[in-house]
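To get this note's numbering, take the position in the sequence shown, counting from 1, and add 155.
Even for Gly, the Cβ is constructed at its ideal location relative to N, Cα and C.
Because the structure is a prediction, the values reported are computed rather than measured.
Taking it in order: structure first as structure tokens, then the write-up.
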Amino acid sequence: MARKVKSIPGVSHLGKILTNLNSAPKLSLSNLKSLKLTLAFQNDHFGARHFVKEQLPRIRYANPGLEIQVDKVQKTAEDKWRPEMELEFADGQQHTLDMHEKWSTVILKELMEMAGGDPWKQWKAEATSRGLAVIPGEEKEPAVIQRPNAVSLPSLKLFRASSTKTPPISGITTGSASV
């Protein structure tokens with residue numbers, strides 16, 4: 156009987172995850188207390204959803220004490236609101252990042268510009284001097300296209316406040332009725 160040849164196993168799934176979490180640049184956020192994201196659960200807000208899937212685990216790994224809240228909300232085709240990220244700094248300052256129609260790499264760069272501090276500035280300078288992409292994947296970003304009839308969308312909070320209508324009670328019709 157022939158002897159089985161043992162093969163050397165490849166990189167494990169856990170090894171791939173750790174490689175991704177430790178990849179450059181390190182996404183440490185200085186003086187940031189909390190991060191709250193609001194986005195559609197499915198069928199819209201693609202850049203924001205990719206950000207949550209691709210970049211948020213790396214942010215969590217680099218900032219274990221950071222409070223992160225993600226609100227994924229069901230959204231119908233008629234609902235028109237924008238995804239956003241609310242940042243709260245240790246000094247009490249608050250900023251909101253609009254994530255509407257942006258790639259996940261653009262969202263990450265805007266977040267790091269706001270809260271990345273000196274390590275982020277050093278990484279940008281080093282990557283630029285070496286001719287590397289500042290964020291892996293940014294070379295695939297399309298040029299920003301300004302839509303001529305772009306409409307500014309409200310946040311989810313404003314959308315809900317403006318569309319609070321009392322539903323009609325069953326059996327009672329609203330409007331004029333002839334007797």
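Distance, residue j Cα to residue i Cα
i: S259; j: R215; result: 16 Å
i: I172; j: R213; result: 10 Å
i: R158; j: P274; result: 54 Å
i: L263; j: E293; result: 10 Å
i: I223; j: I290; result: 21 Å
i: S185; j: T231; result: 37 Å
i: G272; j: K257; result: 22 Å
i: N218; j: A316; result: 33 Å
i: S284; j: W278; result: 10 Å
i: A179; j: V306; result: 36 Å
i: N198; j: K295; result: 22 Å
Best match in the options for proximity to residue i [C-alpha to C-alpha]
i: T251; options: I262, K257, A245 and E239; result: E239
i: A195; options: Q248, L287 and Q229; result: Q229
i: L221; options: K257, Q249, R204 and S183; result: S183
i: L211; options: G170, M267 and V160; result: M267
i: F206; options: V261, P297, F314 and G286; result: V261
i: E209; options: T193, N175 and K181; result: N175
Rounded distance between the beta-carbons of residue j and residue i, thought under 8 Å
i: R237; j: S310; result: 6 Å
i: E243; j: K188; result: 5 Å
i: A203; j: M269; result: Not a contact, Cβ separation roughly 16 Å.
i: K191; j: E241; result: 4 Å
i: A288; j: A282; result: 7 Å
i: W308; j: K235; result: Strictly speaking, residue 308 in this sequence is Leu, with Trp absent from that position. Correct: roughly 6 Å between the Cβ atoms.
Task: Runs of alpha helix (DSSP H) wholly within the segment 223 to 289 (minimum 4 residues, chain order) - done: 259 to 270 and 272 to 285
- [ ] Just list the alpha helix (DSSP H) runs in the segment 182 to 224, keeping only unbroken ones of 4 residues or longer that don't cross its boundaries, in chain order.
- [x] Given a length threshold of 4 residues, each whole run of the alpha helix (DSSP H) inside the segment 182 to 224 is given here in chain order: 201 to 209 and 211 to 217.
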